[in-house]
Amino acid sequence: LDIEEFRKAGYKAIDRICDYYYSLHAKPVVSQVQPGYLREALPENAPEHGEDFDNVQDDYQKLIVPGLTHWQHPSFFAYFPTACTFEGILGDLYASSTSNPGFNWACSPACTELEAVVMDWTAKLLGLNPEFYNTSGRGGGVMMTSASDSALTAIVAARSRFIRLNPTIPLNNLVIYVTSQTHSLGLKAGLVLGLQVRVLDVKEEDAFALRGESLRTVIEEDREKGKRPFILVVTVGSTSSGAIDRIDEAGHVLKEYPDIWLHVDAAWAGMTLVCPEFRERAQLEAINEYATSFCTNFHKWGLVNFDASTLWVRDRTLLTDALDITPEFLRTKHGDEGTVIDYRNWHLGLGRRFRSLKVWFVLRSYGAEGFRGYIRKCISLNNQFASYIRDSPDFAFVTQPSFALTVFRLEPKMPEPLSLQSLNSLNRIFYSRLSARHDVLLTQTQLNGVFCIRLAVGAARTDDTHIKHAYDVMVEEALVAINTWRE
Ligand code: PLP
3 LDIEEFRKAG
13 YKAIDRICDY
23 YYSLHAKPVV
33 SQVQPGYLRE
43 ALPENAPEHG
53 EDFDNVQDDY
63 QKLIVPGLTH
73 WQHPSFFAYF
83 PTACTFEGIL
93 GDLYASSTSN
103 PGFNWACSPA
113 CTELEAVVMD
123 WTAKLLGLNP
133 EFYNTSGRGG
143 GVMMTSASDS
153 ALTAIVAARS
163 RFIRLNPTIP
173 LNNLVIYVTS
183 QTHSLGLKAG
193 LVLGLQVRVL
203 DVKEEDAFAL
213 RGESLRTVIE
223 EDREKGKRPF
233 ILVVTVGSTS
243 SGAIDRIDEA
253 GHVLKEYPDI
263 WLHVDAAWAG
273 MTLVCPEFRE
283 RAQLEAINEY
293 ATSFCTNFHK
303 WGLVNFDAST
313 LWVRDRTLLT
323 DALDITPEFL
333 RTKHGDEGTV
343 IDYRNWHLGL
353 GRRFRSLKVW
363 FVLRSYGAEG
373 FRGYIRKCIS
383 LNNQFASYIR
393 DSPDFAFVTQ
403 PSFALTVFRL
413 EPKMPEPLSL
423 QSLNSLNRIF
433 YSRLSARHDV
443 LLTQTQLNGV
453 FCIRLAVGAA
463 RTDDTHIKHA
473 YDVMVEEALV
483 AINTWRE
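Below, the structure written as structure tokens:
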């Protein structure tokens with residue numbers, strides 16, 4: 003494409019994206035294609051000669067769109083809250099239009115400087131301790147691909163710090179602590195780094211939150227065996243149930259073990275910190291007092307399209323001491339002088355996307371007030387759904403609703419109470435019926451052996467009618483599931 007052809011194709015692309023959003027609510031949420039559908043439709047090799055770009059765009063519509071599950075659909079309630087905005091899309095468009103990998107300040111000063119400013123804006127919006135601000139000169143924030151990536155980076159840095167502090171302890175004595183509710187990012191990091199991971203038990207009566215006393219017991223038990231925990235990953239808003247670890251208690255215990263890093267994974271629920279009324283529940287005070295690092299994802303519940311994970315550390319040298327490798331070809335005058343941030347030393351890769359642009363666009367267009375309004379709207383929609391479940395004779399919460407997430411199951415009144423096994427098999431039938439629907443999408447989980455269903459609210463266009471529709475679908479499918487199960 004030359005510049006004028008790009009202009010034309012670009013207008014057409016934007017027109018089609020607008021049409022997509024106009025018609026989104028009428029599409030099935032879930033793609034209905036079968037595995038391998040695209041391989042059958044595409045030629046075996048890339049074309050030898052360039053094709054007319056109109057045809058390429060047409061094939062996007064014809065072949066790709068049908069294979070998409072529509073995460074921005076107002077009836078998408080699966081996984082975790084997720085929303086993107088036109089501001090975010092435009093931010094990405096501008097960012098890719100200059101396509102630069104911004105790893106050093108000197109690569110494109112605006113990329114680093116905007117990121118440093120936006121990370122401070124967001125730290126303030128979330129109410130984080132000023133120690134985490136880039137302007138503190140000591141702590142700071144960086145944008146990453148994902149919460150998994152942020153946790154892996156924190157774990158690498160924690161391992162380096164631990165080895166510096168305890169040079170004689172053999173590496174295979176090191177242990178990563180997570181809980182049974184931590185996202186699989188903890189186990190994945192252990193796998194990648196070849197380190198042991200200990201999964202701490204959490205109890206249903208504690209709403210699946212890690213408690214200080216059980217942490218202390220495990221640390222003492224492990225140290226007695228010569229094992230050395232060097233990082234604890236706690237969660238604000240676990241994936242399965244929205245559990246919130248008692249960071250206050252865990253942090254208090256870790257005061258006695260200063261070589262254990264405390265990483266807070268608040269991948270989706272961290273966004274609630276923008277609203278003062280949710281800060282106590284999300285444990286802001288404890289995060290501010292105890293966290294060594296804190297992560298939340300703007301690409302989940304922050305109105306920004308994938309990817310935009312934000313990671314803050316209280317001391318940036320913990321990252322740079324672990325990750326700064328500067329061969330001659332990466333040296334710059336300002337880098338050598340230490341007067342700028344070179345973000346390549348804050349994460350595992352070298353090149354990086356210009357992610358701060360889209361977050362900046364979103365924050366400026368929404369304003370803090372608009373942003374808070376969106377979070378409040380999602381929570382209130384989840385409360386609406388939760389109230390249907392509460393009032394229903396056939397459904398029951400498995401855990402209490404948490405921010406934008408409700409975890410429930412079908413639990414119909416029967417002459418004799420049903421065993422766990424029977425309830426699980428009923429709910430599996432129910433869920434398989436639900437997931438065969440194309441007009442709503444929810445996902446399932448297991449909590450202490452209980453098979454349950456999760457509804458997460460977050461799409462920017464969801465309103466009360468979609469919540470009501472989702473509930474009506476549940477009622478309809480529940481009836482059929484109960485009859486099928488009885489047979
Ligand atoms: N942490 C929590 C609590 C999550 O719910 C999720 C996603 O479901 C993740 C981490 C993983 O996020 P990412 O895809 O950004 O690695």
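Under full-length UniProt numbering, think of the first position of the sequence shown as 3, with each following residue one higher.
Even for Gly, the Cβ is constructed at its ideal location relative to N, Cα and C.
Remember, predicted model here, so these are calculated numbers, not experimental data.
Check: Does the beta-carbon of residue 384, which I'm using as the reference point, lie nearer than 7 Å to any heavy atom of ligand 1?; Outcome: no
Check: How is residue 483 classed by DSSP in three states: helix, strand or coil?; Outcome: helix
Check: What's the gap between the Cα of residue 255 and the Cα of residue 217?; Outcome: 8 Å
Check: Please report the Cβ distance between residue 310 and residue 301, rounded to the nearest whole angstrom; I am assuming they are in contact, meaning their Cβ atoms lie under 8 Å.; Outcome: 5 Å
Check: Tell me which residues share the same chain as residue 386 and place their Cβ nearer than 7 Å to its Cβ, disregarding the 5 neighbours each side in the sequence.; Outcome: 466 and 469
Check: Could you check whether residue 183 and residue 237 sit closer than 8 Å to each other, using their CB atoms as the reference points?; Outcome: yes
Check: My assumption, with CB atoms under 8 Å, is that residue 246 sits in contact with residue 266. Please give the rounded CB distance.; Outcome: Actually they do not touch by this definition, with Cβ atoms about 10 Å apart.
Check: Where does the unbroken alpha helix (DSSP H) through residue 120 begin, and where does it stop?; Outcome: 111 to 128
Check: Give me the Cβ distance between residue 177 and residue 213, rounded to the nearest whole Å; I'm assuming they're in contact under 8 Å.; Outcome: Actually they do not touch by this definition, with Cβ atoms about 19 Å apart.
Check: When every heavy atom of ligand 1 is checked, does at least one fall within less than 7 Å of the C-beta of residue 148?; Outcome: yes
Check: Could you spell out where the alpha helix (DSSP H) holding residue 336 opens and where it closes?; Outcome: 335 to 339
Check: What's the C-alpha gap between residue 51 and residue 461?; Outcome: 41 Å
Check: DSSP on residue 404, reduced to helix/strand/coil?; Outcome: strand
Check: Hey, is residue 490 close to ligand 1, as in C-beta under 7 Å from one of its heavy atoms?; Outcome: Outside the shown range of the chain (3 to 489) lies residue 490, about which nothing can therefore be said.
Check: If you reduce the DSSP assignment to three classes, tell me which class residue 446 lands in.; Outcome: strand
Check: Using 10 angstroms around the beta-carbon of residue 63, count the other beta-carbons present and answer buried if the total reaches 16, otherwise exposed.; Outcome: exposed
Check: Kindly examine ligand 1 and report whether one of its heavy atoms sits closer than 7 Å to the Cβ of residue 445.; Outcome: no
Check: Quick one: any contact between the segment 303 to 323 and the segment 145 to 164, if contact means 3 or more CB pairs under 8 Å?; Outcome: yes
Check: Please report the straight-line C-alpha distance between residue 374 and residue 23, rounded to a whole angstrom.; Outcome: 23 Å
Check: Just curious, the beta strand (DSSP E) that residue 235 is in, first and last residue?; Outcome: 230 to 237
Check: CB of residue 51 to nearest heavy atom of ligand 1: below 7 Å?; Outcome: no
Check: Closer than 7 Å to a non-hydrogen atom of ligand 1 - does that hold for the CB of residue 299?; Outcome: yes
Check: Of all Cβ atoms in chain C, is any one closer than 8 Å to the Cβ of residue 212?; Outcome: You won't find chain C in this structure, because it holds only one protein chain.
Check: Would you list the one or two residues that DSSP bridges to residue 179?; Outcome: 200 and 234
Check: For the beta strand (DSSP E) containing residue 311, list its first residue and its last residue.; Outcome: 311 to 315
Check: Would you say the beta carbon of residue 351 is closer than 7 Å to some non-hydrogen atom of ligand 1?; Outcome: no
Check: Taking contact to mean at least 3 C-beta pairs separated by less than 8 Å, is the segment 353 to 365 in contact with the segment 94 to 101?; Outcome: yes
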